[in-house]
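**Q**
See the structure below:
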């Protein structure tokens, strides 16, 4: 099964994370008694995009706040499949451990008329849904979003225009001088239903993963 | 027979191309008075390794000295081909200019081996002597090659070459769209190879980044050059050729209405272009791509008069080329439009000269004076404001006009402009920044326009280095000999070997420009322009309809198959040679052999050596007559053609069963 032009255009519309403002990674921590979500709008942002070969477009998005907390997201966009992957690192260059109240490795709204969510062999038609499994197939009336993040727990909430997908990690602190790495998140958007989505992801896996 | 990566190739790559560490990175340069190799310890290098997918490992090595000079090397090691490629970036993160960096060789490495012979070419010289390859023994005296210095990367030297040793072959491609150089010197155990930007003697200003050319090296573990060539072709198709919606660019039949009511496309209008396109479609020859070359802008019929990147409203009154783009879209045809954004004509009034003179870099005389009213100047892509302006302007036109293929030409010599504007302590810096801007310009257009593909042209094929070919295909790989069969055939042999996506025209200048089957067979290339005009006869259209599926079937095979060259064609303008090429894709069980006896060739037979499988049976199909026979592979080790003068034959092979 091969992806089509429409699959790529859909992915560009629904899973574009190359701009810093569109980063799906969120860190929540307490600073001076207040809850702060990072990367904050005031963070120092850097974007570096490059081609590896003619298949892979790599983008590093990095944010550094005034206290030195650095969050770097490595984004890989495939040119032969409508697939995007993200991996993030949260670094703490300071001398003290950094407490996190939550690390969300992915938070993104997918718009569309929701039909069903499939995860862990179950079909779910009513949201919200929480699952320990990292693989989700979100079926809309005319397209399907496949997401996978081994090792992360997932939550899917309804929104007025579709669904919002969260992948959360268990990390609660970043050691002084160290970093935590979030599980890799893979996103694929295709036209049609789950069977086509599965077939294209199988083809992607055979070419790029195995 | 199938050429593919072997275990021995990968082991050889691990031995010869192990560059992914600070100490083994084959970079050398001078920093002030200090000679540096790799990234030394005082830069405190750190390595970050990542599997990008199952076939590429990326290693990023970053180090910074105490004055804020950062060196960053991005190294890719492939696991499906015996290839290592890398680029090095120098960034000044300090607050003062750096010391002078000079003699920067991105590649400075030794390769052990006996009897080294360098196979190298002169690229597209814009003359009849171009695309000529020679073999030279590498001695202690050494060989240094570089393009002409006009500022293009393929004029006078071709940035793809290989060194044949007695037991392996090394292939080197230099990705730099400016002036590069490579040297090969024999040493006691083999050779030393150096390559990089030719002129480097510059300080780096605070906040500035300079980069090296991309170095790409492939090794193959036998002295068989055909095998090495096919590994390169396989690598090219897998990792170099631009993708369009998930696939390598397919064969493209390119049609146009050329020189109508003005030179080139300066007489092109909404009405005549759409009418011509419809005539082709009605005649059953629907193009894959509608070619609109130089001339959509106001220029009074003088296409080189550029600097206005907007439409001539007399010829294009309704949203510029938008109606043509919409018509193309409706018919499933890709609209290509020509641009030449890096050149500005100074002798005329243009938008860029009048309103954005700060974006222009003219030639500077020795006394510092500038003539703003004559000649051509550079639109300097090293200026971030200029870069942003041109990106926004062209991106806007691509979207507004439904452009699916962006064609970029480059008809002048920036080398003298770069040099005249560089101070002695910035030699090579302006070239470097301009070329970085050129890559960013193209990358941004590609990112902003999913599915867009680019065509690289520079008075033909003067800028088809690896970095350009990662982003574009060379539809017009030369301006020379488009209808001269002897020249074309020689060029095609080199293109199939190194840059295997290109285009040819169905013309024969030596035969009253008659477009017959023989002319078509001379354009069996991955892309083709049928020189059928929309005014031609029903018989001409019938011939095009007959030849199109033959061309397409062969072109598709060319884009996946192994290539088996059939001897070397001697360069000869007298057309006294036979031209023969053979392709076979063992995975698909499909191939073809094409043999052309040129008009003055006295040899009435030619035996092609084929690469089919001995133990398989094949349907052998004569493409022109449609006649089919079944033959056993063992009986097809070779095939003898008997042809009349100016006659050709194309045989398809289809394996029976698996």
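Residue numbers (my numbering), protein chains in the order written: chain Y, -10 to 199; chain P, 48 to 705. Each residue gets a CB set at the ideal place from its N, CA and C atoms; glycine is no exception.
Fully enclosed by the stretch 395 to 483 of chain P, which beta strand (DSSP E) runs are 3 residues long or longer?
**A** The qualifying runs are 423 to 426, 450 to 455.
**Q** Which residues in chain P have a C-beta closer than 9 Å to the C-beta of residue -2 of chain Y? List them in chain order.
**A** In the first chain, the residue the question calls residue -2 of chain Y occupies position 9. Neighbours of residue -2 of chain Y on chain P, chain order: 292, 497, 498.
**Q** Leaving out the 5 sequence neighbours to the left and right, which residues in its chain are closer than 6 Å to residue 127 of chain P when beta-carbon positions are compared?
**A** The count along the second chain starts at 1 and reaches residue 127 of chain P at position 80. Cβ neighbours of residue 127 of chain P beyond the five flanking positions: 102.
**Q** What number of angstroms, rounded off, separates the C-alpha of residue 315 of chain P from the C-alpha of residue 202 of chain P?
**A** Position 268 of the second chain, counting from 1, holds the residue named residue 315 of chain P. Position 155 of the second chain, counting from 1, holds the residue named residue 202 of chain P. Taking the straight line from one Cα to the other gives about 31 Å.
**Q** When the Cβ atoms of the stretch 628 to 635 of chain P are set against those of the stretch 545 to 558 of chain P, are three or more pairs found closer than 8 Å?
**A** Counting Cβ pairs under 8 Å, fewer than three are found: no touch.
**Q** What are the residues of the stretch 57 to 82 of chain Y that lie near chain P, defined by any Cβ-Cβ distance shorter than 7 Å?
**A** Within the stretch 57 to 82 of chain Y, the qualifying residues are 65, 68, 69, 70.
**Q** Does the Cβ-Cβ distance between residue 129 of chain Y and residue 102 of chain Y come in under 8 Å?
**A** Sequence index remark: in the first chain, residue 129 of chain Y carries index 140 (1-based). Sequence index remark: in the first chain, residue 102 of chain Y carries index 113 (1-based). In contact: residue 129 of chain Y and residue 102 of chain Y (Cβ atoms closer than 8 Å).
**Q** Residues of chain B with CB under 8 Å from residue 123 of chain P, in chain order?
**A** Included in the structure are the protein chains Y and P, with no chain B among them.
**Q** What are the boundary residues of the beta strand (DSSP E) that residue 147 of chain Y is part of?
**A** Counted from its first residue, the first chain places residue 147 of chain Y at position 158. Per DSSP, residue 147 of chain Y belongs to the beta strand (DSSP E) from 142 to 148.
**Q** Please list the terminal residues of the continuous beta strand (DSSP E) segment that includes residue 375 of chain P.
**A** By 1-based counting over the second chain, the position of residue 375 of chain P is 328. Residue 375 of chain P -> not in any beta strand (DSSP E); alpha helix (DSSP H) instead, spanning 369 to 377.
**Q** On the DSSP bridge assignment, give the partners of residue 612 of chain P in chain order.
**A** As a first step, residue 612 of chain P is located in the second chain; it is residue number 565 there, counting from the start. P:628.
**Q** Using a cut-off of 7 Å between C-beta atoms, extract the partners of residue 289 of chain P located in chain Y.
**A** The sequence position of residue 289 of chain P within the second chain is 242, counting from 1. What residue 289 of chain P touches in chain Y: 43.
**Q** With a threshold of 6 Å on Cβ separation, who are the neighbours of residue 50 of chain P within its own chain once the five nearest residues in sequence on each side are excluded?
**A** Position 3 of the second chain, counting from 1, holds the residue named residue 50 of chain P. Here the set comprises 274, 277, 609.
**Q** Helix, strand or coil: how does DSSP classify residue 284 of chain P here?
**A** Locating residue 284 of chain P in the second chain gives position 237, where the first residue counts as 1. Looking at residue 284 of chain P - three-state DSSP - the assignment turns out to be helix.
**Q** Would you mind telling me which residues of chain P sit closer than 9 Å to residue -9 of chain Y, beta carbon to beta carbon, in chain order?
**A** For the purposes of this step, residue -9 of chain Y is taken as the residue at position 2 of the first chain. Under the 9 Å cutoff, chain P gives 293, 294.
**Q** Alpha carbon to alpha carbon, how far is residue 200 of chain P from residue 134 of chain P? Give it in angstroms, no decimals.
**A** Counting from one through the second chain, the residue named residue 134 of chain P turns up at place 87. Counting from one through the second chain, the residue named residue 200 of chain P turns up at place 153. About 17 Å.
**Q** Using beta carbons (cut-off 8 Å, strictly below), is residue 134 of chain Y in contact with chain P?
**A** Within the first chain, numbered from 1, the residue matching residue 134 of chain Y stands at position 145. Judged by the 8 Å Cβ criterion, residue 134 of chain Y is not in contact with chain P.
**Q** Are residue 410 of chain P and residue 436 of chain P close, meaning C-beta to C-beta below 8 Å?
**A** On the second chain, position 363 is the one that residue 410 of chain P refers to. On the second chain, position 389 is the one that residue 436 of chain P refers to. It is not a contact, given that the beta carbons lie outside the stated cut-off.
**Q** What residues in its chain sit with their C-beta under 6 Å from that of residue 164 of chain Y, if we drop five residues either side in the sequence?
**A** Along the first chain, read from residue 1 onward, the residue named residue 164 of chain Y stands at position 175. 86.
**Q** With distances taken from CA atoms, which of P:468, P:306, P:325, P:261 is nearest residue 427 of chain P?
**A** Position 380 of the second chain, counting from 1, holds the residue named residue 427 of chain P. Minimum Cα distance to residue 427 of chain P is reached at P:468.
**Q** Counting only C-beta atoms, is residue 8 of chain Y closer than 8 Å to chain P at any point?
**A** On the first chain, position 19 is the one that residue 8 of chain Y refers to. Answer no: the Cβ-Cβ gap between residue 8 of chain Y and chain P never drops below 8 Å.
**Q** Take residue 11 of chain Y as the anchor and find which of Y:186, Y:196, Y:199, Y:62 has the nearest alpha-carbon.
**A** Within the first chain, numbered from 1, the residue matching residue 11 of chain Y stands at position 22. Nearest C-alpha to residue 11 of chain Y: Y:62.
**Q** Can you pull the chain P neighbours of residue 36 of chain Y, defined as C-beta to C-beta under 7 Å?
**A** The residue you call residue 36 of chain Y lines up with position 47 of the first chain. Near residue 36 of chain Y there are no residues of chain P at all, since even the closest Cβ is about 12 Å away, more than 7 Å.
**Q** Tell me the rounded alpha-carbon separation between residue 512 of chain P and residue 597 of chain P.
**A** Walking along the second chain from the start, residue 512 of chain P turns up at place 465. Walking along the second chain from the start, residue 597 of chain P turns up at place 550. Approximately 31 Å, taken between the alpha carbons.
**Q** I'd like the list of long-range same chain contacts for residue 107 of chain Y, defined as Cβ closer than 6 Å, with 5 residues on each side in sequence excluded.
**A** Residue 107 of chain Y sits at position 118 when you count from the first residue of the first chain. Within the same chain, residue 107 of chain Y has close Cβ partners 126.
**Q** What are the start and end residues of the beta strand (DSSP E) that includes residue 637 of chain P?
**A** The residue given as residue 637 of chain P occupies position 590 in the second chain. Element bounds for residue 637 of chain P: 637 to 644.
**Q** Look at the alpha carbon of residue 7 of chain Y and the alpha carbon of residue 442 of chain P, and state the distance between them as a whole number of angstroms.
**A** Residue numbering aside, residue 7 of chain Y sits at position 18 when the first chain is read from its first letter. Residue numbering aside, residue 442 of chain P sits at position 395 when the second chain is read from its first letter. Their backbone Cα atoms lie some 18 Å apart in a straight line.
**Q** Give the DSSP-derived three-state secondary structure of residue 704 of chain P in the structure shown.
**A** Counted from its first residue, the second chain places residue 704 of chain P at position 657. Residue 704 of chain P: coil per DSSP, three-state reduction.
**Q** Can you tell me the Cα-Cα spacing of residue 333 of chain P and residue 327 of chain P, whole angstroms?
**A** For this step, residue 333 of chain P is matched to residue 286 along the second chain. For this step, residue 327 of chain P is matched to residue 280 along the second chain. Taking the straight line from one Cα to the other gives about 6 Å.
**Q** Residue 490 of chain P touches chain Y at which residues, Cβ-Cβ below 9 Å?
**A** Here residue 490 of chain P refers to the residue found at position 443 of the second chain. Those within 9 Å of residue 490 of chain P in chain Y are 38, 39, 40, 46.
**Q** What is the rounded straight-line gap between the Cα of residue 286 of chain P and the Cα of residue 502 of chain P?
**A** Locating residue 286 of chain P in the second chain gives position 239, where the first residue counts as 1. Locating residue 502 of chain P in the second chain gives position 455, where the first residue counts as 1. Each residue's Cα considered, the two are about 18 Å apart.
**Q** I'd like the span of the alpha helix (DSSP H) that includes residue 535 of chain P, first residue to last.
**A** Sequence index remark: in the second chain, residue 535 of chain P carries index 488 (1-based). Unbroken alpha helix (DSSP H) run through residue 535 of chain P: 532 to 545.
**Q** Can you give me, in chain order, the residues of the stretch 86 to 119 of chain P that have a beta carbon less than 7 Å from any beta carbon in chain Y?
**A** Residues passing the 7 Å Cβ filter: 99, 100, 101, 103, 105.
**Q** Work out the CA separation of residue 588 of chain P and residue 509 of chain P for me, nearest whole Å.
**A** Counting from one through the second chain, the residue named residue 509 of chain P turns up at place 462. Counting from one through the second chain, the residue named residue 588 of chain P turns up at place 541. For residue 509 of chain P and residue 588 of chain P, the distance between alpha carbons rounds to 34 Å.
**Q** What are the residues that DSSP puts in a beta bridge with residue 506 of chain P?
**A** To locate residue 506 of chain P, count along the second chain from 1; it is residue 459. For residue 506 of chain P, which the question treats as bridged, DSSP gives no partner whatsoever.
**Q** Let me see if you follow: with CB-CB separation under 8 Å, is residue 286 of chain P close to chain Y or not?
**A** Here residue 286 of chain P corresponds to residue number 239 of the second chain, with the count starting at 1. Yes, its Cβ sits closer than 8 Å to a Cβ of chain Y.
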